[in-house]
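Below: one structure, written as structure tokens.
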Amino acid sequence: MGKKRNVENDRSMGRKRGTEKRISPKERQRKKRKRRRKRVVLLCVELFVLASLCVAGYAMLKLGKLNINILDQNKLEVYKDTGPYTNIACFGLDSRNGELEGGVQSDSIIIVSINNETNDVKLVSVYRDTLLLQADGGYSKANSAYNRGGPEEAISLLNRNFDLDIRNYVSVNFNALVDVIDALGGLEIELTQEEAYYSNGYAAETSRVVGQEMVKIDEVAGTQLLDGVHAVSYARIRYTTGNDFKRTERQREVLEKTMEKAKKADIFTLNKIVDKVFPQISTSLSITDMLGFVSNIMEYNVVETTGFPYALTTSEEVREHKGSYVVPIDFVGNVTKLHQNIFAEDWYEPSNKVQQIHDDIIYLTGITEDTTAMKTNFEGDSQ
84 MGKKRNVEND
94 RSMGRKRGTE
104 KRISPKERQR
114 KKRKRRRKRV
124 VLLCVELFVL
134 ASLCVAGYAM
144 LKLGKLNINI
154 LDQNKLEVYK
164 DTGPYTNIAC
174 FGLDSRNGEL
184 EGGVQSDSII
194 IVSINNETND
204 VKLVSVYRDT
214 LLLQADGGYS
224 KANSAYNRGG
234 PEEAISLLNR
244 NFDLDIRNYV
254 SVNFNALVDV
264 IDALGGLEIE
274 LTQEEAYYSN
284 GYAAETSRVV
294 GQEMVKIDEV
304 AGTQLLDGVH
314 AVSYARIRYT
324 TGNDFKRTER
334 QREVLEKTME
344 KAKKADIFTL
354 NKIVDKVFPQ
364 ISTSLSITDM
374 LGFVSNIMEY
384 NVVETTGFPY
394 ALTTSEEVRE
404 HKGSYVVPID
414 FVGNVTKLHQ
424 NIFAEDWYEP
434 SNKVQQIHDD
444 IIYLTGITED
454 TTAMKTNFEG
464 DSQ
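Residue numbers for the sequence shown, in this note's numbering: 84 to 466.
This is the structure:
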């Protein structure tokens, strides 16, 4: 009986094996196509990964040209998180010998605030002569912080005085901006006759600093195509109506027009800018941060530019100080308006530090929110 069962089992197994071997031509073809598709998909994935690595490697190579400066976050005096915003301090340096990390005045101070939910960008210039609380507990002009302690001290000045959470910066000198604008083919800017005259005057010095030849522009009112030397010189003009307040408006105009033109530039132009300009820029932004900004650059839109303080006067009568200062009228009110304009924080309450600065400025200058006759809020300095 045992043998009979074994024979039956063998026959059964044989039938099964025979069935497995007999595959129809159609089935065989289907399996072949399936294997081919798998190989094609695998090849595509490998090519995609390889391409991604090449792009990332190329981007890292380019971004590696930047002078990346790691900041001590404990020294930045970050006040509080401002929510879905990335705030970056941009400094234009009065650097004649390429200095980027300190020892020079910050000729331009601009807070760039990016709304990460809408990609709206707002620019706020801080007037360089504004009387503000410094790291040593004394009061001085806003632009002196960079000279004393480089970007760390300049960022902490903004956070300390305005209840901000700035953690990163970008610093450029004359040469870098001139090179960017020239690579983009210049900027079309509408000039008054007075601005055209002074632009030529400033261009004589700017051209010497950057080592370029200066070609005079027509000293007439109207729209002109300005090269890098003249566009930077236009942004430096102080001797027209509005003085330094109007100058910061010009700076933001040049920055905005440069950003808009860069968005339309081809890859070869952008590559030229990277190779020539990145070595002239100092920043604390990481390569990851930079890649993120580059990937979103087409989506960013500058929706507002303005200057701080909003209500102000100038004074040469500041206790134990010499020179002329921009004095905020009602410092608490100015900082409150800053938070409302940038972050839509209608519920913002100034910190004790801001209140202290408010009281100190009144003590040093004698100027209070009641001295309305002295207000000189420059109406042309916002858009």
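Note that CB positions come from ideal geometry on N, CA and C, so glycine has one too. Fair warning: this is a prediction, and the values are worked out from it, not measured in the lab.
| said: Are the CB atoms of Ser196 and Gly470 within a distance shorter than 8 Å? | reply: Residue 470 cannot be examined here, being either before or after the span of the chain that is shown, 84 to 466.
Let's see if you can read the secondary structure: which residues bound the beta strand (DSSP E) around Pro234? Walking along the sequence shown from the start, residue 234 turns up at place 151. Looking at the DSSP string, Pro234 is not in any beta strand (DSSP E); the run it does join, the alpha helix (DSSP H), is 227-245.
Beta-carbon proximity check, Asp212 vs Tyr446, cutoff 8 Å
Numbered from its first residue, the sequence shown carries residue 212 at position 129. Numbered from its first residue, the sequence shown carries residue 446 at position 363. No, Cβ-Cβ distance for Asp212 and Tyr446 is not below 8 Å.
*DSSP state of Gln188, grouped into three classes?*
Taking the first residue of the sequence shown as position 1, residue 188 is located at position 105. Residue state, collapsed to three classes: coil.
| request: Quick one: give me the first and last residue of the beta strand (DSSP E) that Phe391 is part of. | output: Numbered from its first residue, the sequence shown carries residue 391 at position 308. Looking at the DSSP string, the run of the beta strand (DSSP E) that includes Phe391 is 384-391.
- Message: Quick check on the burial criterion: 16 or more other C-beta atoms within 10 angstroms. Buried or exposed for Val386?
- Response: Looking up residue 386 in the sequence shown gives position 303. Exposed: under 16 other Cβ atoms inside 10 Å.
Report task. In the DSSP assignment, find the beta strand (DSSP E) that holds Ala394 and state where it starts and stops. Result -> For the purposes of this step, residue 394 is identified with residue 311 of the sequence shown, where counting begins at 1. From DSSP, Ala394 is part of no beta strand (DSSP E); its letter is neither H nor E.
**Asked** From which residue to which residue does the alpha helix (DSSP H) around Gln307 run?
**Response** Within the sequence shown, the letter at position 224 stands for residue 307. Run containing Gln307: none in the alpha helix (DSSP H); it sits in the beta strand (DSSP E), 305-309.
ask   = Going by DSSP, what residues sit across from Phe174 in a beta bridge?
value = Counting from one through the sequence shown, the residue named residue 174 turns up at place 91. Beta-bridge pairing links Phe174 to Ile192, Ser254.
Below 8 Å between beta carbons: does that hold for Arg243 and Glu160?
-> Translated into positions along the sequence shown, residue 243 becomes position 160. Translated into positions along the sequence shown, residue 160 becomes position 77. It is a contact, given that the beta carbons lie within the stated cut-off.
Between the alpha carbons of Thr371 and Asn152, how many angstroms are there, rounded?
The residue you call residue 371 lines up with position 288 of the sequence shown. The residue you call residue 152 lines up with position 69 of the sequence shown. Thr371 and Asn152: Cα-Cα distance of roughly 14 Å.
- Query: Residues in its own chain within less than 7 Å of Val303 by CB, not counting five upstream and five downstream?
  - Reply: Here residue 303 corresponds to residue number 220 of the sequence shown, with the count starting at 1. Correct list, in chain order: Gln276, Ala279.
*With DSSP collapsed to three states, give me the class of Thr213.*
By one-based count along the sequence shown, residue 213 stands at place 130. Note: Thr213 maps to strand in three-state DSSP.
Worksheet item: Looking only at its own chain, which residues have a Cβ that is under 8 Å from the Cβ of Asn58, when we skip the five neighbours before and after it?
Response: Because the chain here runs from 84 to 466, residue 58 falls outside it and cannot be looked at.
**Study point:** Meets three-Cβ-pair contact criterion under 8 Å: the segment 396-415 and the segment 423-443
**Key:** Between the segment 396-415 and the segment 423-443, the count of C-beta pairs closer than 8 Å reaches three or more; the two stretches touch.
Just reading off the beta strand (DSSP E) that Tyr162 is part of, what are its end residues?
-> As a first step, residue 162 is located in the sequence shown; it is residue number 79 there, counting from the start. That residue, Tyr162, is in no beta strand (DSSP E); it is neither H nor E in DSSP.
Ser208 classed as buried or exposed, judged by whether at least 16 other C-beta atoms fall within 10 angstroms: Your numbering for residue 208 matches position 125 in the sequence shown. With 16 or more Cβ atoms within 10 Å of its Cβ, Ser208 is classed as buried.
The segment 257-264 in contact with the segment 218-232 per 3-pair CB rule at 8 Å: no
*Can you tell me the Cα-Cα spacing of Leu309 and Glu428, whole angstroms?*
Looking up residue 309 in the sequence shown gives position 226. Looking up residue 428 in the sequence shown gives position 345. Rounded to the nearest angstrom, the two C-alpha atoms are 39 Å apart.
* To do: Would you kindly work out how many angstroms separate the C-alpha atoms of Phe257 and Thr419, rounded to a whole number?
  => Counted from its first residue, the sequence shown places residue 257 at position 174. Counted from its first residue, the sequence shown places residue 419 at position 336. Roughly 33 Å between the two C-alpha positions.
### Message
Judging by CA-CA distance, which residue of Glu432, Ile444, Leu353 is the nearest neighbour of Thr165?
### Response
As a working mapping, residue 165 is identified with position 82 in the sequence shown. Nearest option by C-alpha distance: Glu432.
Less than 6 Å between C-beta atoms, sequence neighbours within five positions excluded: which residues of the same chain meet that for Leu368? What you label residue 368 is simply residue 285 of the sequence shown in a count that begins at 1. Exclusion of the five residues before and after Leu368 leaves Asn251 as the residues of its chain whose Cβ lies within less than 6 Å of its Cβ.
### Message
Is the beta carbon of Thr396 closer than 8 Å to that of Val410?
### Response
Along the sequence shown, read from residue 1 onward, the residue named residue 410 stands at position 327. Along the sequence shown, read from residue 1 onward, the residue named residue 396 stands at position 313. Yes. Within cutoff.
- Query: Based on the DSSP output, what are the partners of Thr454 in its beta bridges?
  - Reply: Residue numbering aside, residue 454 sits at position 371 when the sequence shown is read from its first letter. Answer is none; Thr454 lacks a bridge partner.
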